Amino acid sequence: MKMNNPFFETSKVVANQFLQNIVFIDDKAFLQPSKLNHDFNALKISQIFAESQKVCAVYKPSKVVDIDNLAELAKKADVTVLDWQINIEQDKVENEEEDEVDDDPRGPHTKRIIKSILTDPLTGQGSLKLIVIYTGETDLNGITDEVYNELVANDIKNVKNFK
1447 MKMNNPFFET SKVVANQFLQ NIVFIDDKAF LQPSKLNHDF NALKISQIFA
1497 ESQKVCAVYK PSKVVDIDNL AELAKKADVT VLDWQINIEQ DKVENEEEDE
1547 VDDDPRGPHT KRIIKSILTD PLTGQGSLKL IVIYTGETDL NGITDEVYNE
1597 LVANDIKNVK NFK
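According to my numbering, the sequence shown is numbered sequentially starting from 1447.
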C-alpha cells in the first residue's frame, strides 16, 4: 500500500498537531549512556520529541506506589508508551502463603495502567488516547490477547482485537 497519498499526508499533519505530550514508562530508562546500558535512553528520546516541539517525559518506576502515581499521570497524556515488562520492588508481605504475589513482571503493571486510563470517568470515556506497548518479546499475539482479555473482563467498552 502506498503511504504518500493526500489523505495519509493530511492525517499525519492533523495527528502531529493534536499529539502534544508523550509519557514513557520503563523501569530500564537511563539518562547517561554507558557500555552497560542498552535499554531505554530517556535523554535521547526526550531530545527527539523536543525537536518536534512535543513535551516528552520519561518515568522509571521503582515501587508499586509509582505505578499508581504514573497511572494518574498517564491519564493526562495524549500518548502513553509502556514497556510490557516492568520490574519493580514488591512490597514485603508478612505471610507469603496467604498473600501470594505474582512476581512475573511481564504485563501486570502495564495492564493496570491501561485499565486506569480507560476506566477513568473523565479522561477515559470517549476521549482520544494513544496507548503503545513495546517489548522485546516475540509473542505479540499472546500479549495482544492478554491485554484484550483483561479489558473485556473489566467491562471496558468498544475494545477490539485487531490481530
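Ideal placement from N, C-alpha and C gives every residue a C-beta, glycine not left out. Source: prediction; values computed, not measured.
Check: Contact set for VAL1504: own chain, Cβ-Cβ below 6 Å, skip 5 residues either direction; Outcome: PHE1470, ALA1475 and ALA1488
Check: Boundaries of the alpha helix (DSSP H) in which PHE1608 is found, first to last residue; Outcome: Segment: none, PHE1608 is in no alpha helix (DSSP H) and carries neither H nor E.
Check: Beta carbon of THR1581 nearer than 8 Å to that of ASP1529; Outcome: yes
Check: Where ASP1512 falls: helix, strand or coil (DSSP); Outcome: helix
Check: CA nearest to the CA of GLU1596, picked from ILE1563, LYS1557 and ILE1534; Outcome: LYS1557
Check: Backbone CA spacing between ASP1545 and LYS1522 [nearest angstrom]; Outcome: Unreliable placement is indicated for ASP1545, whose pLDDT of 47 sits below 50; the coordinate value is still reported in the next sentence. Cα to Cα, ASP1545 sits roughly 33 Å from LYS1522.
Check: Under 8 Å between C-beta atoms of ILE1532 and HIS1555; Outcome: yes
Check: Host beta strand (DSSP E) of LEU1564 (start-end); Outcome: Taken as a continuous stretch (DSSP letters only), LEU1564 belongs to no beta strand (DSSP E), being part of the alpha helix (DSSP H) at 1554 to 1565.
Check: Buried or exposed by the 16-neighbour rule on C-beta atoms within 10 Å, applied to ASP1472; Outcome: buried
Check: Start-end ranges of the alpha helix (DSSP H) lying completely within the region 1575 to 1601, minimum 4 residues; Outcome: 1586 to 1599
Check: DSSP three-state assignment for ASN1451, whether helix, strand or coil; Outcome: coil
Check: Outcome for GLY1588 when other beta-carbon atoms lying within 10 angstroms are tallied against a minimum of 16; Outcome: exposed
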